[in-house]
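Trainee: Numbering (this note's numbering), first residue to last: 80 to 225.
For glycine and all other residues, C-beta sits at the position ideal for the given N, C-alpha and C.
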Amino acid sequence: AALLLPAVVPAYLEDGSYNFRFPNNLLNGNHNPIASAYDNIRERPQFTLFTSAWARVNFKPWLNFTSDLMQYYVTGRRIEYFDKDFGSGFGTNGALTNYSSRRIKITNRNTLNFNYTINNKHRFNALAAFELVDFNQEWNSMDVVN
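#1: Looking only at its own chain, which residues have a Cβ that is under 6 Å from the Cβ of residue 150, when we skip the five neighbours before and after it?
#2: Could you pull out every residue in the same chain whose Cβ sits closer than 6 Å to the Cβ of residue 153, ignoring the five residues on either side in sequence?
#3: Whole angstroms are fine: how far does the CA of residue 155 sit from the CA of residue 188?
#4: Is DSSP giving residue 170 helix, strand or coil here?
#5: So what does DSSP say about residue 90, is it helix, strand or coil?
#6: Rounded to a whole number of angstroms, what is the C-alpha to C-alpha distance between residue 203 and residue 191?
#7: Per DSSP, which one or two residues make a beta bridge with residue 139?
#8: From the DSSP output, in three-state form, read off residue 155 for me.
#9: Please state whether DSSP places residue 123 in a helix, a strand or coil.
#10: Spell out the partners DSSP gives residue 204 in its beta bridges.
#11: For residue 159, count neighbouring C-beta atoms within 10 Å of its own C-beta (all shown protein chains included) and say buried if the count is 16 or more, exposed if not.
#12: Drop a sphere of 10 angstroms on the beta-carbon of residue 168, count the other beta-carbons inside from all chains shown, and report buried for 16 or more, exposed for fewer.
What follows is the structure, given as C-alpha cells:
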C-alpha cells in the first residue's frame with residue numbers, strides 16, 4: 080500500500096504524526112502503510128512439507144502393481160495487532176488477531192498394469208487404478224478488541 084502513495088502525498092504531517100487523510104480515498108481513512116509497518120505487529124510464519132514414496136511389484140514381466148503415497152502438510156500462524164489510531168484497531172483502543180491453521184492431505188494412488196504380447200504381433204493392455212484421498216483442515220482464530 081505504501082507504493083500507492085504519490086510523492087506529493089506525505090506519510091507524515093508537519094507535527095510528525097501520521098497522515099490519515101489521502102485524496103480520493105486512495106487508502107481507507109484509518110490506514111497509513113508506514114504506520115502499519117512500524118507501529119503494529121504483523122507476523123505470519125508458515126511451514127510446508129511435501130513427502131512422497133512409491134513402490135512397484137513386478138508379478139510377471141507383463142503384470143505389475145504400483146502404489147504411490149503422498150502427504151501434503153501446511154501449518155500457518157498469524158498474529159496481528161493494530162493500535163487505536165488505524166487499521167482494525169481504529170476507534171476501539173486497539174485490536175489483536177491471532178489464528179493458526181493446519182492442513183493435511185494424504186493421497187494413496189494404486190495402479191495395476193497388464194501389458195501382454197502374443198507372438199510379437201498382438202498386444203493387450205489393461206489398467207486398473209484407484210485413489211484414496213484424506214483431507215483434514217483445522218482453523219483456530221481469536222479476535223480481541225479493547
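Mentor: According to the structure data:
#1: 130, 185
#2: For residue 153, the CB contacts under 6 Å within the same chain, skipping 5 residues up- and downstream, are 127, 182 in chain order.
#3: Rounded to the nearest angstrom, the two C-alpha atoms are 27 Å apart.
#4: Residue 170: coil per DSSP, three-state reduction.
#5: coil
#6: 14 Å
#7: 142
#8: strand
#9: coil
#10: 194
#11: buried
#12: buried
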